[in-house]
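Trainee:
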Amino acid sequence: MLRHVGRGSSALSAERRQPIEGSRRSPAVAIATQPLWRLRLARDVPRYLLYATCAWGALASARFVIAPPRLRAPVVTAPNGPSVDLAARGYAVLFARRYLTWDAAAPQQSEAALASMTGAAVAQDAGLTLPVDGTQHVLWAEAVQERTPTPGRHVYTVAAQTDTSGLQYLTVAVARGADGRLAVSGYPAFVGAPLTQPAGSVATGGEVRDPALTAVVERALRNYLAAAPQELAADLSPAARVALPATPQTLESIQSLAWSSDRSSVLAVVQTRDARGARYTLGYEADVAELHGRWEISAIETDPTE
Numbered sequence: 000m001l002r003h004v005g006r007g008s009s010a011l012s013a014e015r016r017q018p019i020e021g022s023r024r025s026p027a028v029a030i031a032t033q034p035l036w037r038l039r040l041a042r043d044v045p046r047y048l049l050y051a052t053c054a055w056g057a058l059a060s061a062r063f064v065i066a067p068p069r070l071r072a073p074v075v076t077a078p079n080g081p082s083v084d085l086a087a088r089g090y091a092v093l094f095a096r097r098y099l100t101w102d103a104a105a106p107q108q109s110e111a112a113l114a115s116m117t118g119a120a121v122a123q124d125a126g127l128t129l130p131v132d133g134t135q136h137v138l139w140a141e142a143v144q145e146r147t148p149t150p151g152r153h154v155y156t157v158a159a160q161t162d163t164s165g166l167q168y169l170t171v172a173v174a175r176g177a178d179g180r181l182a183v184s185g186y187p188a189f190v191g192a193p194l195t196q197p198a199g200s201v202a203t204g205g206e207v208r209d210p211a212l213t214a215v216v217e218r219a220l221r222n223y224l225a226a227a228p229q230e231l232a233a234d235l236s237p238a239a240r241v242a243l244p245a246t247p248q249t250l251e252s253i254q255s256l257a258w259s260s261d262r263s264s265v266l267a268v269v270q271t272r273d274a275r276g277a278r279y280t281l282g283y284e285a286d287v288a289e290l291h292g293r294w295e296i297s298a299i300e301t302d303p304t305e
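Sequential numbering from 0 applies to the sequence shown in numbering that gives the first Met the number 0.
This is how it looks when you write it as structure tokens:
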């Protein structure tokens, strides 16, 4: 009996020492080492980046306060071709006025007026010898032609209306020196008038046959000529800019009404009368547009903003 029990105990102990199938094992833990400076750097980098961003913003703000940016003036490109010298043109007109205005009883006045304008190649009196008696005055003068034979030298044709010799055409050569000063660079010359031809008819896009448009144009021109802004506003577009005439007139009739070649405006020939009874035949161009079945006017003859 004792041997049997002992043999059984040995068998049981052997069975307990066998591993149990399907049992779970504990996870393995691996320990790695890193330098301490690397850990501190990873922790402090976001904070340093934030400090740097704040410092950069403060420097930028200080720069705008000390030296704010300034807008650069736009670069204007000169157009092709010779430039218009308004000063030289006006100088030529002034010379023509002085040259054609004289009093035979006081020749020194005419010579003194011309001496300040002539150059070294022209006599002080511009070669003008006055008659024994008489006077002449310029009623108006205007430059009507210009040519530039050489850079810096302009030749103008000046139309001058005088009280004794009628309408005269005088060419005046004006040069601008290296220092920018103007001078008459040659003797003047009497010339003929620029070539002209009779007025021609403007090419149109056909007669206006819309009764509604005709009524709007006639009403607008009537109020425009009468200098009635409140009544005129009823036929104008919201963006219209119109400058009323200084002398009101009465619209008597519209002689013709035609489309422009691009059909964006109408050309009206009208008969008017002023307060003194004088009658005029005038031509007006009105920009028109149809909006929601209604005609509106955006401009009459001129644009006061240009």
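No residue lacks a Cβ here, since even glycine has one placed at the ideal position from N, Cα and C.
Remember, it's a predicted structure, so these values are computed and weren't measured experimentally.
(1) At which residue ranges does the segment 186 to 237 contain complete alpha helix (DSSP H) runs of 4 or more residues, listed in the order of the chain?
(2) Which of the three DSSP states, helix, strand or coil, is assigned to P106?
(3) Under 8 Å, with one C-beta from each stretch per pair, do the segment 146 to 164 and the segment 217 to 225 reach the 3-pair mark?
(4) Do you know offhand how far Q167's Cα is from L99's?
(5) Can you give me the Cβ contacts of R240 inside the same chain, cut-off strictly under 8 Å, excluding the 5 residues immediately before and after it?
(6) Suppose you measure from the CA of T351 to the CA of D273; what does that come to, to the nearest Å?
(7) What is the rounded straight-line gap between the Cα of A72 and the Cα of A238?
(8) Beta-carbon within less than 7 Å of L181's beta-carbon, same chain only, minus the 5 sequence neighbours each way: which residues are those?
(9) Would you identify the three-state DSSP class for L127, choosing helix, strand or coil?
(10) How about S264 and A233: are their beta carbons less than 9 Å apart?
(11) With DSSP as the reference, identify every bridge partner of Q144, one or two as the case may be.
(12) Ends of the beta strand (DSSP E) at A267?
(13) Roughly how many whole angstroms lie between the Cα atoms of Q270 and H291?
(14) Thinking C-beta only, is T249 closer than 9 Å to A225?
(15) Report, in whole angstroms, the separation of the C-beta atoms of Q135 and T163, which I expect to be a contact under 8 Å.
(16) Helix, strand or coil for A285, going by three-state DSSP, please let me know.
(17) What is the rounded straight-line gap between the Cα of L194 and the Cα of T149?
(18) For a test of the three-state rule: what should DSSP assign to A120, helix, strand or coil?
Mentor: According to the structure data:
(1) 210 to 224 and 228 to 232
(2) helix
(3) no
(4) 9 Å
(5) A298, D302, P303 and T304
(6) Residue 351 lies beyond the residue range present for the chain, which begins at 0 and ends at 305; the question has no answer from this structure.
(7) With a pLDDT of only 49 at A72, under the threshold of 50, the placement of this residue in the model should not be trusted; the figure read from the coordinates follows. If I take the Cα positions, the gap works out to 30 Å.
(8) A86, A87, Y90, V173 and R175
(9) coil
(10) no
(11) T156
(12) S264 to R272
(13) 31 Å
(14) yes
(15) 5 Å
(16) strand
(17) 24 Å
(18) coil
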